[in-house]
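As structure tokens, the structure follows; a few thoughts come after it.
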Amino acid sequence: RRPARRAATRAFAPGLARAAGELAPRSDAMAANTMRESVARNNLVRSREAAKRFPELKELCRKFIASYEKRTEAPDAKYGAKKYKALLQRAANQRLETIFVDLNDVEEFCKQEITEPDDRIADAKGIPKIRLQESIEQWIGDIEANTSRYTKYFYEACDEELPERDAGFDAETSMAKDVITKWRQGMLQRQREAGGAADGIPLRLKNDFDVRFKPRDSCRTMRMRELSAAYVGALVQVDCMVTRTGSVKPRVEVVTYHCEVCNAEVFHSVEGDRWTPMMECPSQKCKDNKQAGRLRQNTRTSKFSKLQEIRVTEMSEHVPVGGVPRGLKVILTGDVARSVLPGDAITLTGVYKPLELPWLQQRQRGTQQEMFIEAHSIRKHKSGYNEQGQDEQEVADRVEEVNREGKLYEKAARSIAPEIFGHTDVKKALLLV
């Protein structure tokens, strides 16, 4: 019997080995699928928990803008230590284009609010204090992980807390806009008196400032090779080198239309890089009359902003031996445009996003996405003399001191090309050119 069993085992051994070899990849694939499903399930749970915190954190954004105080040596004459109220006053006076929300300030504000949570926010949202404290603890992480949403929340908070213009208002730069604003308010008032529900003016059309974030001091500076799918939509900080800069172009943010039938003004906010023009008037008057009002685009009253596209590559010390430097596209908007030149080594802070493509191109690409960074702040590793912040009073005192010493003309001439001895007459002539 034993020889017969051995013969049977030898006969079935190849088949069993083949079956085991076929089952091993299947089990690995099943384990990988199970892991992906668990990761996706955990991400969904975290996203739902973060969405539940949106109402109270939105109110905290407004409280931060209105009440945060930063002690400085020279407080504001009107608002004192209230840092962001003073910035909003400058923005209302057309003296400031971008309001930078420093995440170091938000972190300090969170430490104060955790110890003494606001009862009004908890009562208004119907949540216990312990939940409000938990939301405050995760506020910084939510801002860094979902930057685009909180940029919108802070922009709405700045609009609600925007003060009126004062004596420091720059009337020359906004004369044309004031005329358009008065005309628009009169048209909206006439639409309300006629019984039509007039749409409100979009915030981007009403305000001339932007809101961006400055990273925390403890924020880790990443390498370009470390950017992965986990950072999509998050605020990232990368060391890179500028290789190419494009021309500055206008980018439409709000398109305004004029209906030739009901004489209404229609607003179309553009969120992405591409948009489809409106063809029919959506106003209630045209719907009641069952007419398809023809819209005429009004470029003069639309809102445009500056946009510049640059190309960056990773630093040479970050490229492994035998590797190819990786590149990435960066979008600069507003006053961040024209801030860098090719060859500049910079620390870039921005939102890591996928590029929106037309439907046909996206279909051909499949699930592959082309990524870019929407810049929030840029810090150069090296800056020229004309880019360094200097105290004007200190420079004026130094010039006055040299003037009192005398022989300013001769000293200025000798300062030109000091490595070349003599030729004083030529150097004096260069001063007069």
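Heads up, the sequence shown stops at 1311 in the working numbering, and the numbers go up one at a time, no gaps.
Even for Gly, the Cβ is constructed at its ideal location relative to N, Cα and C.
These numbers come from a predicted model, not from an experiment.
{"Query": "Three-state secondary structure (DSSP) of His1254", "Result": "strand"}
{"Query": "Closest Cα partner of Ala969 within the set Pro1236, Arg1070, Glu1039", "Result": "Glu1039"}
{"Query": "For Glu1187, the first and last residue of its enclosing beta strand (DSSP E)", "Result": "1181 to 1192"}
{"Query": "Closest residue to Ile1224 among Leu981, Met1102, Asp954, Gly1078 (Cα-Cα distance)", "Result": "Met1102"}
{"Query": "Neighbour-count burial assignment, Ser1194, 16 or more Cβ in a 10 Å radius", "Result": "exposed"}
{"Query": "Beta-carbon proximity check, Arg1082 vs Lys1181, cutoff 9 Å", "Result": "yes"}
{"Query": "Close beta carbons around Phe1032, own chain, < 6 Å, minus the five adjacent residues each side", "Result": "Cys939, Val979, Val1089"}
{"Query": "Opening and closing residue of the alpha helix (DSSP H) in which Tyr1287 lies", "Result": "1286 to 1292"}
{"Query": "Rounded separation between Ala1307 and Ser1293 - CA only", "Result": "13 Å"}
{"Query": "8 Å contact criterion, which Gly1124 and Glu1034 should meet: CB distance rounded", "Result": "Not a contact, Cβ separation roughly 31 Å."}
{"Query": "Close beta carbons around Val1190, own chain, < 6 Å, minus the five adjacent residues each side", "Result": "Cys1118, Val1120, Leu1206, Val1208"}
{"Query": "Residues near Arg908 by beta carbon distance below 8 Å, same chain, minus five either side", "Result": "It is Met, not Arg, that sits at residue 908 in the sequence shown. Cβ within range, chain order: n/a, list empty."}
{"Query": "Run of the alpha helix (DSSP H) containing Arg1129, from where it starts to where it stops", "Result": "Run containing Arg1129: none in the alpha helix (DSSP H); it sits in the beta strand (DSSP E), 1127 to 1137."}
{"Query": "Start-end ranges of the alpha helix (DSSP H) lying completely within the segment 1066 to 1107, minimum 4 residues", "Result": "1081 to 1084"}
{"Query": "Contact under 9 Å by Cβ, His1254 with Asp1222", "Result": "no"}
{"Query": "Three or more C-beta pairs below 8 Å linking the segment 1131 to 1144 and the segment 1161 to 1180", "Result": "yes"}
{"Query": "Distance between beta carbons of Glu951 and Lys960, contact taken as under 8 Å", "Result": "Not really, about 16 Å apart at Cβ, beyond 8 Å."}
{"Query": "Residue from Arg924, Lys930, Phe1250, Ala1274 whose Cα sits closest to the Cα of Gly1111", "Result": "Phe1250"}
{"Query": "Spatially closest choice to Ser1013 from Ala955, Leu935, Gln1067, by CA coordinates", "Result": "Leu935"}
{"Query": "Where Ile1005 sits in the DSSP three-state scheme", "Result": "coil"}
{"Query": "Secondary structure of Ala929, DSSP reduced to three states", "Result": "helix"}
{"Query": "Simplified DSSP state of Asp842, which is helix, strand or coil", "Result": "Any answer about residue 842 is impossible in this case: the structure gives the chain only from 879 up to 1311."}
{"Query": "Counterpart residues of Leu1315 in DSSP-defined beta bridges", "Result": "Any answer about residue 1315 is impossible in this case: the structure gives the chain only from 879 up to 1311."}
{"Query": "Residues near Asp1056 by beta carbon distance below 6 Å, same chain, minus five either side", "Result": "none"}
{"Query": "Per-residue DSSP class, three states only, for His1196", "Result": "helix"}
{"Query": "Environment of Thr1029 [buried if 16+ CB atoms lie within 10 Å]", "Result": "buried"}
{"Query": "Cβ-Cβ distance between Lys1231 and Ser1026 below 9 Å", "Result": "yes"}
{"Query": "Contact check, Glu1143 vs Met1065, beta carbons under 9 Å", "Result": "yes"}
{"Query": "Whole-number beta carbon distance between Ala928 and Asp1020, since they are thought to touch under 8 Å", "Result": "6 Å"}
{"Query": "Close Cβ partners of His1196 (< 8 Å) along its chain, the five nearest in sequence each way excluded", "Result": "Arg1101, Met1102, Arg1103, Asp1117"}
{"Query": "With 16 other Cβ atoms within 10 Å as the buried cut-off, status of Trp1017", "Result": "buried"}
{"Query": "Cβ neighbour criterion (16 or more within 10 Å) applied to Val1218", "Result": "buried"}
{"Query": "For Ile992, three-class secondary structure by DSSP", "Result": "helix"}
{"Query": "Pick from Asp1044, Glu937, Phe987 that is closest to Gly1004, judged by C-alpha positions", "Result": "Glu937"}
{"Query": "Nearest neighbour of Ala1045, chosen from Pro1203, Thr1179, Ala955 [CA to CA]", "Result": "Ala955"}
{"Query": "For Gly912, three-class secondary structure by DSSP", "Result": "According to the sequence provided, residue 912 is Thr. The question's Gly does not apply to it. It is helical."}
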